[in-house]
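Enquirer: Every letter in the sequence shown is one number past the one before it in the working numbering, and letter 97, counting from 1, is 97.
C-beta: ideal position from N, C-alpha, C; glycine also.
Have a look at this one.
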Amino acid sequence: MMQNTSGPRPHAARRARGQDRSISILVDGPDLCGKSTLVNTLVQRLAADGYRVAQKKGVIQRRWIHRYLDRFDANKRHASALLNSLYLLSCFLDRAPVADTDIVVCESFVDRVIAYGMTCRLKSLAPLAFLGRRLFRRFDLQVLLHASHATRESRLKKRQDATLIDRKTTATADISWRFCEAFRASSRRSGNVIHEYDTGLVAVEEIVETLARRVRELKSLDRSASLDALQA
1 MMQNTSGPRP HAARRARGQD RSISILVDGP DLCGKSTLVN TLVQRLAADG
51 YRVAQKKGVI QRRWIHRYLD RFDANKRHAS ALLNSLYLLS CFLDRAPVAD
101 TDIVVCESFV DRVIAYGMTC RLKSLAPLAF LGRRLFRRFD LQVLLHASHA
151 TRESRLKKRQ DATLIDRKTT ATADISWRFC EAFRASSRRS GNVIHEYDTG
201 LVAVEEIVET LARRVRELKS LDRSASLDAL QA
């Protein structure tokens with residue numbers, strides 16, 4: 001007997017089994033703001049709390065276009081108009097929910113590429129994507145990290161594997177400011193609520209505690225909504 005592949009989507013199937021939908025979290029920001037450190041710590045904390053966590057970077061679901069993009073250094077997507085445009089296209093295709101997990105934590109996504117396209121004034125699809133509304137995946141929690149120019153300069157000096165884009169985006173305070181402004185505007189157009197943290201002032205552990213509490217609140221709201229639907 002052939003398997004029926006036209007069944008409910010993952011979120012719908014989870015609700016039909018009485019399970020909560022998966023919660024998606026995006027952590028983004030300019031280079032040298034501690035994104036990887038925060039994501040790794042957050043994933044460990046959520047897993048310790050008993051959640052099934054999927055950790056992603058750049059995209060949620062890989063597509064055919066990523067086989068081409070993988071040939072190039074990821075940092076070049078911020079400097080090449082062609083690669084910047086192709087990455088935007090790959091994010092437009094990245095819509096499928098992640099099945100069989102409680103929480104998806106993604107480090108960097110399309111708003112970052114749009115912001116760098118605008119900041120570096122690339123002649124790519126970034127301005128069009130910037131004007132579009134709800135073209136891309138939305139996240140339940142969207143976190144924007146930033147830090148002062150002095151803090152990022154200090155981190156750059158300590159980083160042994162610093163890339164060209166690390167140096168370029170840390171060259172002046174204006175670059176980071178323009179990036180954050182473009183990121184905020186792009187996210188607002190997509191309907192996302194941004195939670196901002198200065199990693200030079202707020203400890204990673206404190207941010208993780210706040211986000212873990214927000215996850216519990218979202219899970220509680222989701223269960224309440226599911227219960228109300230069953231009782232209706």
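If you run the structure through DSSP and keep just helix, strand and coil, what is Gln55?
Expert: Note: Gln55 maps to strand in three-state DSSP.
Enquirer: Where are the beta strand (DSSP E) runs, 3 residues long or more, that stay fully inside the region 130-216, in chain order?
Expert: List check, beta strand (DSSP E) in window: 141-146, 194-198.
Enquirer: How many angstroms separate the CA atom of Arg62 from the CA atom of Asp94?
Expert: Those two C-alpha atoms are separated by around 8 Å.
Enquirer: Among residues of its own chain, excluding the 5 on either side of Arg167, which ones have a beta-carbon nearer than 8 Å to its beta-carbon?
Expert: Contacts found: Leu156.
Enquirer: Just the Cα atoms here: how many angstroms apart are Val53 and Val113?
Expert: Cα to Cα, Val53 sits roughly 25 Å from Val113.
Enquirer: For Ile23, name the three-state secondary structure that DSSP assigns.
Expert: If DSSP states are grouped into helix, strand and coil, Ile23 belongs with the strands.
Enquirer: Can you list, in chain order, the residues of its chain whose CB lies under 7 Å from that of Ala162, leaving out five sequence neighbours each side?
Expert: Excluding sequence neighbours, Ala162 sits near Leu156.
Enquirer: Suppose the cutoff is 8 Å on Cβ atoms and the five residues either side in sequence are ignored; what does the same chain contact list for Arg184 look like?
Expert: Excluding positions up to five away in sequence, the list reads Leu144, Ile194.
Enquirer: By the three-class DSSP mapping on this structure, what secondary structure does Ile103 have?
Expert: Ile103: strand per DSSP, three-state reduction.
Enquirer: Please list, in chain order, all residues of the same chain as Thr151 whose beta carbon is under 6 Å from its beta carbon, the five residues on each side excluded.
Expert: If we look at Thr151 and ignore the five residues flanking it on each side, its Cβ neighbours are Gly200.
Enquirer: Under 8 Å, do Val110 and Ile60 count as touching if we go by C-beta distance?
Expert: No, these two residues do not count as a Cβ contact at 8 Å.
Enquirer: Could you tell me the alpha carbon to alpha carbon distance between Leu131 and Cys91, rounded to whole angstroms?
Expert: Distance between the alpha carbons of Leu131 and Cys91: 16 Å.
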